[in-house]
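Enquirer: Heads up, our numbering is the position in the sequence shown plus 188, with the first residue counted as 1. Dropping a structure here in structure tokens format, bear with me for questions.
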Amino acid sequence: MDQLYLRARITRKLQEVQGLLYRLTHSYQGCGHADCGVSHNIAEDLSFGSGHLDEYGFWENPCSTNAREWERRFPQDKPCWPYTEEELSKMNLGPSNIT
Ligand SMILES: [Zn+2]
Numbered sequence: 189m190d191q192l193y194l195r196a197r198i199t200r201k202l203q204e205v206q207g208l209l210y211r212l213t214h215s216y217q218g219c220g221h222a223d224c225g226v227s228h229n230i231a232e233d234l235s236f237g238s239g240h241l242d243e244y245g246f247w248e249n250p251c252s253t254n255a256r257e258w259e260r261r262f263p264q265d266k267p268c269w270p271y272t273e274e275e276l277s278k279m280n281l282g283p284s285n286i287t
């Protein structure tokens with residue numbers, strides 16, 4: 189099997205474990221909203237929020253409090269969604285790139 193594929197699978201599994209850890213600790217850390225959860229978006233980044241989770245892994249109500257908290261605790265997972273303005277500009281997703 190392709191090494192890159194395996195690495196992506198392992199990374200995803202690790203993220204799932206971290207997601208579980210997050211949920212376990214969420215009741216006393218982060219934004220304090222019990223309904224806030226964590227998932228992965230289509231870019232394989234961790235995605236934080238509540239409400240409906242769409243097929244691309246984006247929440248109806250993004251939670252930047254938890255995203256920033258997670259980045260502080262696990263800097264290797266950066267960037268987390270909702271992304272900061274800084275990350276967005278790094279990704280070159282500005283309006284000037286839409287044709
Ligand atoms: Zn929240």
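Ideal Cβ placement from N, Cα and C applies to all residues, glycine included.
1) Any beta carbon of chain D sitting closer than 8 Å to that of threonine 272?
2) Which whole runs of the alpha helix (DSSP H) in the segment 205-253 are 4 residues long or more, in chain order?
3) Among Gln191, Thr199, Lys278, which residue has its Cα nearest to the Cα of glutamate 232?
4) Verify whether the separation of the beta carbon atoms of aspartate 345 and glutamine 191 is less than 8 Å.
5) Sort Cys251, Met279, Tyr244, Gly239 by Cα distance to isoleucine 230 and report the nearest one.
6) Give me the Cα-Cα distance between cysteine 251 and serine 238, rounded to the nearest whole angstrom.
7) Any heavy atom of ligand 1 closer than 7 Å to the CB of threonine 272?
Expert: This is what the structure holds:
1) Structure shown: chain D not included; a single protein chain is present.
2) none
3) Thr199
4) There is no way to answer for residue 345, as the model of the chain reaches only from 189 to 287.
5) Tyr244
6) 7 Å
7) no
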